[in-house]
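Student:
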Amino acid sequence: MLDLLALQKELLLRHIRPGGTCADFTMGNGHDTLFLSRAVGEGGRVYAFDVQPAALESTAALLKREGAPENVRLICDSHHHAAAYIREPLCVGMFNLGWLPGSDRTVTTRRETTLPALQTAIDLLAPDGALLMAIYPGHEEGRLEGEAVCEALSALDRRRFCCSKLQLVNSPTSPYFFLVEKAK
Ligand SMILES: C[S@@+](CC[C@H](N)C(=O)[O-])C[C@H]1O[C@@H](n2cnc3c(N)ncnc32)[C@H](O)[C@@H]1O
Numbered sequence: 171m172l173d174l175l176a177l178q179k180e181l182l183l184r185h186i187r188p189g190g191t192c193a194d195f196t197m198g199n200g201h202d203t204l205f206l207s208r209a210v211g212e213g214g215r216v217y218a219f220d221v222q223p224a225a226l227e228s229t230a231a232l233l234k235r236e237g238a239p240e241n242v243r244l245i246c247d248s249h250h251h252a253a254a255y256i257r258e259p260l261c262v263g264m265f266n267l268g269w270l271p272g273s274d275r276t277v278t279t280r281r282e283t284t285l286p287a288l289q290t291a292i293d294l295l296a297p298d299g300a301l302l303m304a305i306y307p308g309h310e311e312g313r314l315e316g317e318a319v320c321e322a323l324s325a326l327d328r329r330r331f332c333c334s335k336l337q338l339v340n341s342p343t344s345p346y347f348f349l350v351e352k353a354k
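Okay, so the sequence shown: first residue is 171 according to the working numbering, each after it adds one.
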């Protein structure tokens, strides 16, 4: 059966070049940061954002434990400020929306900052770059975030971007994702 997490990585790997630059806009416990760090390799760079110092600590520990390449910059700031840190085009950006597993659920991503961050990420995308937005519609803010992201992506010019949505139709509260691919 379809494994959405495996599929996300497979789709993103089509856009990641060794030596390229990526961003994890919602670092959390660092699993996506680690994936991106390995994918771009020693010559690449990964910017990872979270508003919770605990996320930076747990990601730093994960990267060390896993012997990840030393190509990650951990940033304790909201992702909608990303343009202040990232100066080069991104081959891939990931948003895994919601809250840090096992922590305070009130510190969740919110439309007020998710939508400006999404726009910043779109502006930073390199030709042939891609963004992934994982949505958790099982809670109210997550459901609304998904609708708002869908509306924003629907407005993008089809000649420049291909925006798709992958969701299990027989499990509507399960996580789903959007993929934004920029033309070459
Ligand atoms: C679902 S978790 C991410 C999981 C993570 N990608 C991983 O691999 O473990 C969502 C994270 O987004 C963070 N977050 C919430 N608002 C944010 C914001 N405005 N900017 C950056 N991160 C934010 C939360 O603190 C939380 O750690």
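A virtual CB, placed ideally from N, CA and C, is assigned to each residue, including glycine.
Suppose the cutoff is 8 Å on Cβ atoms and the five residues either side in sequence are ignored; what does the same chain contact list for Leu285 look like?
Tutor: Locating residue 285 in the sequence shown gives position 115, counting from the first residue. Same-chain partners within the cutoff: Ala318, Val319 and Ala322.
Student: What does the alpha-carbon distance come out to for the pair His249 and Tyr217?
Tutor: Taking the sequence shown and counting its residues from 1, the one referred to as residue 249 is at position 79. Taking the sequence shown and counting its residues from 1, the one referred to as residue 217 is at position 47. One C-alpha to the other measures close to 10 Å.
Student: Any idea what DSSP makes of Leu182, helix, strand or coil?
Tutor: Residue numbering aside, residue 182 sits at position 12 when the sequence shown is read from its first letter. Looking at Leu182 - three-state DSSP - the assignment turns out to be helix.
Student: In the DSSP assignment, what are the bridge partners of Asp220?
Tutor: Reading the sequence shown from its first residue, position 50 is the one you call residue 220. According to DSSP, which records beta bridges pairwise, Asp220 is partnered with Cys246.
Student: CB His185 to CB Cys246, shorter than 7 Å?
Tutor: By one-based count along the sequence shown, residue 185 stands at place 15. By one-based count along the sequence shown, residue 246 stands at place 76. Going by C-beta atoms, His185 is not nearer than 7 Å to Cys246.
Student: I believe Thr343 touches Thr279 by the beta-carbon criterion, under 8 Å. Please report the beta-carbon distance rounded to the nearest angstrom.
Tutor: In the sequence shown, residue 343 corresponds to position 173, counting from 1. In the sequence shown, residue 279 corresponds to position 109, counting from 1. At roughly 17 Å, the Cβ-Cβ gap does not stay under 8 Å, so Thr343 and Thr279 are not in contact.
Student: So Leu267 and Leu232 are in contact, right, with Cβ under 8 Å, and what is the actual spacing, rounded?
Tutor: Within the sequence shown, the letter at position 97 stands for residue 267. Within the sequence shown, the letter at position 62 stands for residue 232. Not quite, the Cβ-Cβ distance comes to about 20 Å (not below 8 Å), so this is no contact.
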